[in-house]
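For the sequence shown, the numbering used here begins at 1349 and goes up steadily by one. By construction, the Cβ of each residue, glycine as well, lies at the ideal position given by its N, Cα and C atoms.
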Amino acid sequence: MTRSLPPIERAELRLVRLPLINPFTISTGTMAERVFPLVTLSAGGLEGYAEGVMDPLPDFLEETIAGAMDLIGETILPAMMGRSFENPAAIEKLLSPWRGNRMALATVEMAFWDLWAKWLGLPLKTLIGGSGEAVDVGVSLGIGPIDGTLARVESHVAQGYKRIKLKIMPGHDIELLEAVRRAFPDIRLSVDANSAYRLSDWAVLGRLDDFHLEYVEQPLAHDDIADHAVLQSRLRTPLCLDESIRSAGHARRALQADATRVINIKVGRVGGIAEAIRVHDIAAAFDVPVWCGGMLESGIGRAHNIHLSTLPNFRKPGDTSSASRYFHRDIIVEKLETMDGRMPVPVGPGIGVHLDRDALDAVTQSVQSLSA
Ligand code: MG
């Protein structure tokens, strides 16, 4: 007999500002610190955690941290106080009236999954149907001088990472790939343009077939599927959509159009774990592999990503590399570190990691507490 989760008795919304060891540059800009909302849901003496992956400004997708803080703190969390939710589907129903803002909705949904899994005494991976003790991971290297990139490729290959992904943009593409392939002819290599090109850039895009890339990620507009289908019909290299896939419906349309032959799943981008599983499943139905992308998450978001990556169609290495690559001090007690390109799945109920309260307090900008 399953015991029902007691009513949500408390919630906390923090704004966290975590400095990055090295600034991270992609085609749309440079990030020097990771700023994010951290949600805690409390019920039955347990706590569930999740972090938001929206940026301060709408330069990846349309959401902003200010908008998410307002929606979560003023509307969503107050609507949950003192109420019982039988399972994550009940949370999805609560969130269903609100359009877009998937990263904000996902933050609450993911915290509930963690809380619910802890109540049931099960690891998150078990609840969602995943398995295994570790997942394959690669790294994503930001834009910088070619010499420095070659050195970083070498060090990460030596650490055993199973795939190197290079961020590219117009003017920082073919010369970079020629240099990396000359030095590393056999590594698993991919590129991510974060929507920096258009179909009219065929003179460059057509040459990407020359570098034995595992896939070319999101070369065209952030909300496009049709032009990616045209590009895929001209390229031998598989395309991988990231920004364009905001839901399982988008995934289905992109797969039907042959606009993507690999999908990068980010839980926040698609609105939560339940929708991420639906994207995973529709991709599997098309025999298209998926992998788990990263948004420079702290240990809380990383732990969620690792559990999700234990589902069977995560057949390519994900982006959840060692937290120590990004942060001097993480906000969790456990060290999420890879060994030979494998990231161990945190053990224990829920996401399996614990907040380091001192570390968290030191990087907290604001705290909003709610109670039933
Ligand atoms: Mg991407």
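C-alpha distance - residue i paired with residue j, whole-angstrom precision
| i | j | result |
| --- | --- | --- |
| R1351 | P1436 | 15 Å |
| V1615 | V1383 | 17 Å |
| H1655 | M1643 | 16 Å |
| L1489 | L1514 | 5 Å |
| G1519 | I1439 | 45 Å |
| P1426 | G1620 | 19 Å |
| D1558 | L1366 | 39 Å |
| N1325 | V1578 | Not covered by the structure: residue 1325. The range shown for the chain is 1349 to 1720. |
| T1293 | I1369 | The first residue shown for the chain is 1349 and the last is 1720, placing residue 1293 beyond what the model contains. |
| R1447 | G1392 | 31 Å |
| E1562 | T1668 | 18 Å |
| F1408 | V1695 | 32 Å |
| G1400 | E1411 | 10 Å |
| E1422 | D1534 | 52 Å |
| L1525 | I1611 | 22 Å |
| M1349 | D1521 | Bear in mind that a pLDDT of 45 at M1349, under 50, signals an unreliable position, so the model cannot answer this. |
| G1430 | I1699 | 24 Å |
| I1420 | L1468 | 25 Å |
| M1417 | E1360 | 11 Å |
| A1605 | Q1580 | 10 Å |
| R1529 | A1544 | 22 Å |
| T1376 | L1470 | 39 Å |
| D1688 | R1594 | 32 Å |
| T1585 | I1516 | 16 Å |
| S1503 | L1405 | 32 Å |
| D1709 | E1523 | 44 Å |
| A1398 | G1480 | 22 Å |
| G1486 | G1415 | 32 Å |
| A1499 | K1441 | 49 Å |
| Y1674 | V1505 | 17 Å |
| A1607 | R1663 | 19 Å |
| F1634 | F1532 | 32 Å |
| A1380 | E1682 | 24 Å |
| I1310 | H1676 | Given that the chain is displayed from residue 1349 to residue 1720, the structure contains no residue 1310 and the question cannot be resolved. |
| A1622 | E1645 | 20 Å |
| T1497 | Q1713 | 33 Å |
Nearest-angstrom Cβ-Cβ length linking residue i and residue j, presumed shorter than 8 Å
| i | j | result |
| --- | --- | --- |
| V1701 | G1647 | 6 Å |
| L1587 | R1609 | 6 Å |
| R1536 | I1512 | 7 Å |
| S1719 | R1358 | 5 Å |
| N1661 | P1637 | 6 Å |
| I1680 | C1640 | The Cβ separation is near 18 Å, so there is no contact. |
| V1364 | V1711 | 5 Å |
| A1527 | I1494 | 5 Å |
| I1356 | M1428 | 5 Å |
Under 9 Å between C-beta atoms of residue i and residue j
| i | j | result |
| --- | --- | --- |
| V1564 | S1538 | yes |
| G1396 | L1386 | no |
| V1456 | I1413 | no |
| L1353 | S1432 | yes |
| A1551 | P1697 | no |
| D1678 | D1704 | yes |
| A1671 | R1650 | yes |
| A1541 | Q1507 | no |
| L1583 | L1603 | no |
| V1483 | T1658 | yes |
| Y1509 | P1371 | no |
| S1592 | A1569 | yes |
Beta-ladder partner(s) of residue i, from DSSP
| i | result |
| --- | --- |
| S1714 | L1363 |
| L1397 | Note that residue 1397 is Tyr in the sequence shown here, rather than Leu. Beta-bridge pairing links Y1397 to T1388. |
| W1639 | N1612 |
| P1493 | In DSSP, P1493 forms no bridge with anything. |
| M1417 | Looking at the DSSP assignment, M1417 forms no beta bridge with any residue, so it has no partner. |
| C1680 | In the sequence on display, residue 1680 carries Ile and not Cys. I1680 pairs with L1703. |
| P1471 | G1698 |
| V1383 | R1365 |
| G1377 | I1374 |
| P1692 | A1482 |
| G1666 | V1485 |
| A1539 | It should be noted that the sequence gives Val, not Ala, for residue 1539. Beta-bridge pairing links V1539 to L1514 and V1564. |
contact_flag[the segment 1455-1472, the segment 1625-1643] where n(CB pairs < 8 Å) is 3 or more:
no
Under 8 Å: do the segment 1437-1452 and the segment 1473-1483 share three or more Cβ pairs, one atom per stretch?
no
Is it the case that the segment 1571-1579 contacts the segment 1595-1607, given that we only count it when at least three CB pairs across the two stretches are under 8 Å?
yes
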